[in-house]
Amino acid sequence: MDKGLTLRDVTITKGGAPLLSVDHHIGPGDVLTVMGPSGVGKSTLLAFITGTLAPDFAASGTVWLDGHNITHAAPHMRRVGILFQDDLLFPHLSVGANLAFGLRPGGRAADRQARVDEALDEVGLAGFADRDPATLSGGQKARVALMRMLLSDPCALLLDEPFSRLDAALRAQVRDMVFDRAKARALPVLMVTHDAEDARAAGGVIVTLGDG
Amino acid sequence: MKHLAVLAALLTPLPALANPDPADWDAVLEQAAGQTVYWNAWGGSTTTNEFIAWVGEQVAAEYGVTLEHVKLTDTADAVTRVLSEKQAGEDDDGAIDMIWINGANFAAMKDAGLLFGPYAEQLPNWALVDVDGKTVQTDFTVPVEGYESPWAMAQVVFVHNTATMPDSLGSMQELQEWAQANPGRFSYPQPPDFLGTTFLKQVIVDILDDPSVLAQPATDANYAEVTAPLWDYLDALTPNLWREGRAYPATGTAMFPLIADGELDLSISFSPGAASTAIANFELPDTVRTFVLEKGTIGNASFVAIPYNSGSKAGAMVVANFLMSPHAQARAQDPAILGYGTVLNMDALSADDRALFDALELGVATLSPAELGAVQAEPHPSWMTRVADDWMTRYGVAQ
Amino acid sequence: MLGPVVAGLWGTLLPAFGHLPAAGLTGPSLDPFRDLFAWAGLPRAVLLSLTTGVLATVISLSIVVLITAGWSGTRPFRALERLLSPLLSVPHAAAAFGLAFLIAPSGWIARVLSPHVTGWDRPPDLLIVQDTWGLAMTAGLVVKEVPFLLLITLAALGQTDARRSVTIAQALGYGRLTGWLKTVFPRVYAQIRPPVYVVLAYAMSVVDVAVILGPNTPPSLSVQIVKWMSNPDLAMRLEAAAGALLQLVLVIGALAFWRLGEIVVGRLGHRWIATGARGRCDGMVAGAALGLGAVSALAVLLGLAVLAVWSVAGFWSFPDLLPDQFTWRNWLRHGPGTLDALGETALIAVTVAVVALLLTIGCLEAEYRYGLRISQRGIWLLYLPLLIPQTAFLPGLQTLLLNMGADIGRGPVMLAHLVFVLPYVFLSLADPFRAWDLRMGTIAAALGASPGGVLWRVRLPMLLRPVLTALAVGLAVSVGQYLPTLLIGGGRVATLTTEAVALASGGDRRAIGVYGLMQTGAALVPFALALMIPALVWRNRKGLRHG
Chain A
1 MDKGLTLRDV TITKGGAPLL SVDHHIGPGD VLTVMGPSGV GKSTLLAFIT
51 GTLAPDFAAS GTVWLDGHNI THAAPHMRRV GILFQDDLLF PHLSVGANLA
101 FGLRPGGRAA DRQARVDEAL DEVGLAGFAD RDPATLSGGQ KARVALMRML
151 LSDPCALLLD EPFSRLDAAL RAQVRDMVFD RAKARALPVL MVTHDAEDAR
201 AAGGVIVTLG DG
Chain B
213 MKHLAVLAAL LTPLPALANP DPADWDAVLE QAAGQTVYWN AWGGSTTTNE
263 FIAWVGEQVA AEYGVTLEHV KLTDTADAVT RVLSEKQAGE DDDGAIDMIW
313 INGANFAAMK DAGLLFGPYA EQLPNWALVD VDGKTVQTDF TVPVEGYESP
363 WAMAQVVFVH NTATMPDSLG SMQELQEWAQ ANPGRFSYPQ PPDFLGTTFL
413 KQVIVDILDD PSVLAQPATD ANYAEVTAPL WDYLDALTPN LWREGRAYPA
463 TGTAMFPLIA DGELDLSISF SPGAASTAIA NFELPDTVRT FVLEKGTIGN
513 ASFVAIPYNS GSKAGAMVVA NFLMSPHAQA RAQDPAILGY GTVLNMDALS
563 ADDRALFDAL ELGVATLSPA ELGAVQAEPH PSWMTRVADD WMTRYGVAQ
Chain C
612 MLGPVVAGLW GTLLPAFGHL PAAGLTGPSL DPFRDLFAWA GLPRAVLLSL
662 TTGVLATVIS LSIVVLITAG WSGTRPFRAL ERLLSPLLSV PHAAAAFGLA
712 FLIAPSGWIA RVLSPHVTGW DRPPDLLIVQ DTWGLAMTAG LVVKEVPFLL
762 LITLAALGQT DARRSVTIAQ ALGYGRLTGW LKTVFPRVYA QIRPPVYVVL
812 AYAMSVVDVA VILGPNTPPS LSVQIVKWMS NPDLAMRLEA AAGALLQLVL
862 VIGALAFWRL GEIVVGRLGH RWIATGARGR CDGMVAGAAL GLGAVSALAV
912 LLGLAVLAVW SVAGFWSFPD LLPDQFTWRN WLRHGPGTLD ALGETALIAV
962 TVAVVALLLT IGCLEAEYRY GLRISQRGIW LLYLPLLIPQ TAFLPGLQTL
1012 LLNMGADIGR GPVMLAHLVF VLPYVFLSLA DPFRAWDLRM GTIAAALGAS
1062 PGGVLWRVRL PMLLRPVLTA LAVGLAVSVG QYLPTLLIGG GRVATLTTEA
1112 VALASGGDRR AIGVYGLMQT GAALVPFALA LMIPALVWRN RKGLRHG
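Chains as they are written, first to last, in my numbering: chain A, 1 to 212; chain B, 213 to 611; chain C, 612 to 1158.
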């Protein structure tokens, strides 16, 4: 069994023209940073991995997660977590319900509630379960989004420019929190960004796409 | 294979149910119970609608017949419907079980074999009908022959607001002169509306020295000559009509609000009691009265007919018979309800039934049977078809 | 949804060329057209259809464009926006009745001014309603099409970067209105073109408004077609079919003419832009447009008010401003009848609107899941049932249904309604549905939600307000349908609208008041609920307000 996230001969094309090619293995707890200017197709690579590639694109190659080929699995069966630059908390659910959305079904209600509370507590948001997500600050939202993703027990983590909306002070804090937790859970992480500082802080291999 | 058999069964037309025999009334009653009768009747008058609803309650309670009023804007819609059904081969259970019908529509349906009958003269209450005094056996000179049964008498009356037009008029010529002196204060519904063509008939019947020629069908030879005075009359009248004849009210009842607002001083109605009813419903001021011409005015009966493809003929006959009952007739004549004339012969009624009619308060604007005077016969329909068409060309597509 | 339209057209085409075997007539023959062209009223009827249709479209489009250009983002504009839903939901027939009761010589306006200002103690003998030129009918169409076009324009505006364009134009010294016309209008018009065509086609072939407000000597072509359809003489059916084809040709011709006009206006516009004119009379034009918009909104609202007064009026003579006495008698008399009709109306409208909504959600969700994209041509296909005049294919459809032996009545009426309801529901929901942030779907799937779970647990709850609005639009469209109910229902299906229009010929203003109000209520209440329910359900969710 080959732990980690493997992209084997992945090539994405648009209208026949090749956009990008990646062939890489990300071990548990490792970070691969994909850099490049906007428009080069970084997010497209993530869409391919989550199984939500737009129909304008075509892709070849395979994606392996912990030894399973997930290239053709349904998006919700892949166990690949993703964070975008926006928090994308569901606006119709409370903070607690947002977190519970990520929990696998089953178990007693009280247990599920306890896990949600525990997650909130972990990021310093104890007692926020009944809050409307729209009333949270940017940093608080980012933390809720991270915990929601982690509660779904992903086997890999994708980050799509995750910190670009945060101001400088908050940015380092949230970034550390994300990478610490990914390491602690031994998750392979694939981050796309155009920010050199994010790439440095990730501390892993850096691949640059496009002409650069 | 089983499916095919079911399909075949569905596709095979059901054998037509034997038509009920009106002479065997008990069998009719038995068959009628539980039937639903779709009565297609003009729905523009709320008082008529309420009366029909009342009839529905009565026949449901007494005979177990469910009556549904299909409200028409134009009776011709129902005729079209039956025609379409015949074309489509729907011969057993059409959409229409009974039609409030008159004149041209009746003639058209009778000619085309679209009516069930004869049945009317076998109905039990036919014995009470005033066959001699009321025009119930011809409909616009077309012999009825039992293909429709009468339920109300109508006679032209002129409706005037005495607050602005105190005097009544004696003839169509006087109306012409009055309109000249009071332009814009009179109108009539736009033909081919029933009352509109009736007004045209009233004109021609009144201004011809000898209207007897109208009882015969119109011919190409005499049509132009006979109707010439009518067109002269209308040419002179039209500029003095309401809106100078560039628009006409859609129906008779649409003229009531015009009187109430003071736009019109004079209009016509085919129901002697309608003005009193309208006063009671705030639709007309209480200064409104009615009058008839010295030579009398045109009158006719309202009928109901049963389409050949009705699936509820027995039920329809039960309703038709109920409409001729003293109970229903007295209610229809009550000006607070409908104000329609009765088709019954008072002498044929029992004392109790006659008392129902004697108890009626006819209303301030309603003329008594004596005051209504002589009834003039309808012209042959062939005249009016051509007159209505010509009216359309002359006045209906205004300059 | 094209099936019924095509079938109906086929059912019209055959009799138009003299082929009606059921009546013993076999074609082909040109007699129906010969008869049609022999009708003395034809030139006027055709002219009337053209002038009322084109005029109503030009006027309502101008009002909407100039108001949006001059006032979007301002306080008066927001006031108009708030009136939009109620104005939209008022059925055409009720608005037309209200307008008639306002502007007639004996109407409310004349009563307000009489006798002090006008000196009238009796209504003047003026041909205002049912005027020969169809101006009252045009006005009746304008007051209903302005809110529709405004809604469509607002939707299109959301997809253009209007505010920044105008800001830049203003910085360059252009007036607000001129700047908007020169920079934003071309983009907006490209998007609202299909609904503008719908308005043109509808205005040219409308029946209920024409029956209430239009002339009768002769009537417009559509009304005459319906009259011929209901004539007992079968030959008239052929003439009606020929007339229906003529109506279709007229509408196609008018649309082509309009397209030509677009090109000419486009050319002139380019020249105007090139002159660099900054717009000196902007203020005046904008003011006039706002005035007209306000008048058209007021006409509908005051029309409803006068319907309400008539519904409780005792005797009410001219020139009294209010009735002598108020009474509930009219409601007691007509109330039971309206309740029956309301039940029928609601049953049909709810079924049709729910089916249309499910079909729409199904289509949009399939588009999302399978990455399909409806092309521009697909959009036109969607609009097609709205572009074909109802009088051109409904009569044919009626004959066809009968020939198939399909039982007339509620079911077929629902199907016919669906043809008209579905496009509106789709158009109403498509934009908000597509505008939903797809990353929400990615996130939800990454959290383990199945496609169905994403739809029901995330997407639809977030879109609750647009979904309910689309449902309300569907209900209102169904409630307002006149011709499909009348023709396909064979008279057995009595809705509030068919009952109200049937009352038009009787002229009983009290009954019309009662039915008109009930009809409006049936269309208005769902809109109110579509606003209230999301506000209530999401009262603690700031992220879902205003959106």
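Each residue gets a CB set at the ideal place from its N, CA and C atoms; glycine is no exception. Just so we're clear, the structure is a prediction, and the values are computed from it rather than from any experiment.
- The three-state secondary structure of B/Thr258, taken from DSSP, is helix.
- The Cβ neighbour count for B/Pro234, taken over all protein chains shown within 10 Å, is at least 16; the residue is labelled buried.
- B/Trp390: not part of any beta strand (DSSP E); member of the alpha helix (DSSP H) spanning 384-393, first to last residue.
- Out of B/Glu269, B/Ala316, B/Ser522, B/Phe411, the CA that lies nearest to the CA of B/Lys298 is found in B/Ser522.
- In the three-state reduction of the DSSP assignment, A/Thr13 falls in the strand class, which pools E and B.
- Counted as a single uninterrupted DSSP element, the alpha helix (DSSP H) harbouring C/Pro1043 occupies residues 1021-1046.
- Counting of Cβ neighbours within 10 angstroms places C/Trp939 among the exposed residues, the total staying below 16.
- Membership of C/Arg944 in any beta strand (DSSP E) is not indicated; the residue belongs instead to the alpha helix (DSSP H) covering 940-980.
- With a contact defined as Cβ atoms closer than 8 Å, B/Val530 and B/Val282 miss out at about 18 Å.
- Considering only A/Asp117, A/Asp87, A/Pro91, A/Gln85, the residue with the shortest C-alpha distance to A/Ala100 is A/Asp117.
- Listed in chain order, the alpha helix (DSSP H) runs fully inside the segment 691-763 of chain C are 703-714, 719-724, counting runs of at least 4 residues.
- What A/Ser152 touches in chain C, judged by beta-carbon distance under 9 Å, is Ala1057, Leu1058, Gly1059, going in chain order.
- Taking 8 Å as the cut-off, the Cβ atoms of C/Leu997 and C/Val809 count as close.
- In terms of beta-carbon proximity, B/Arg598 stays away from the interface with chain C, with every pair separated by 8 Å or more.
- Looking at the DSSP output, B/Glu583 shares a beta bridge with no other residue.
- For B/Gly396, the residues of chain C that pass the 7 Å Cβ criterion are Asp736, in the order they occur in the chain.
- The DSSP assignment places 478-481 as complete runs of the beta strand (DSSP E) inside the segment 445-499 of chain B, in order along the chain (cut-off: 3 residues).
- Secondary structure of C/Trp921 (DSSP, three-state): helix.
- Taking CB atoms only, B/Trp595 has no neighbour in chain C less than 8 Å away.
- In terms of CA proximity to C/Ala952, C/Val1104 leads the group C/Gly614, C/Val1104, C/Ala618.
- The Cβ of A/Thr44 sits no closer than 8 Å to any Cβ of chain C.
- By the 16-neighbour rule on beta-carbons within 10 angstroms, C/Ile874 is exposed.
- Within the segment 70-127 of chain A, the runs of beta strand (DSSP E) that reach at least 3 residues and sit entirely inside it are, in chain order, 80-83.
- A direct Cα-Cα distance of roughly 18 Å separates C/Asp732 from B/Asp498.
- By the C-beta density criterion, B/Ser424 is exposed, having fewer than 16 other C-beta atoms within 10 angstroms.
- The beta-bridge partner set that DSSP reports for B/Pro423 is empty.
- For C/Ile1054, the closest Cβ of chain A is nearer than 8 Å.
- Under the DSSP assignment, A/Trp64 falls outside any alpha helix (DSSP H), being part of the beta strand (DSSP E) whose first and last residues are 57-65.
- Listed along chain B are Gly256, Ser257, Thr463, Thr465, Ala466, each with a C-beta nearer than 7 Å to that of C/Gly1117.
- Residues of the segment 791-809 of chain C with a C-beta less than 9 Å from any C-beta of chain B: none at all.
- Here B/Tyr250 carries a strand assignment [DSSP, helix/strand/coil].
- When rounded, the separation of the alpha-carbon atoms in C/Pro826 and B/Asp304 is 41 Å.
- Listed in chain order, the non-local C-beta contacts of C/Ser696 below 6 Å within the same chain comprise Phe1138, local neighbours out to five positions each way being set aside.
- Excluding residues up to 5 positions away in sequence, Pro401, Gln402, Asp405 lie with their Cβ nearer than 7 Å to the Cβ of B/Ala462 in the same chain.
- In terms of beta-carbon proximity, C/Trp1067 stays away from the interface with chain A, with every pair separated by 8 Å or more.
- Looking at the DSSP output, A/Thr193 shares a beta bridge with A/Met35.
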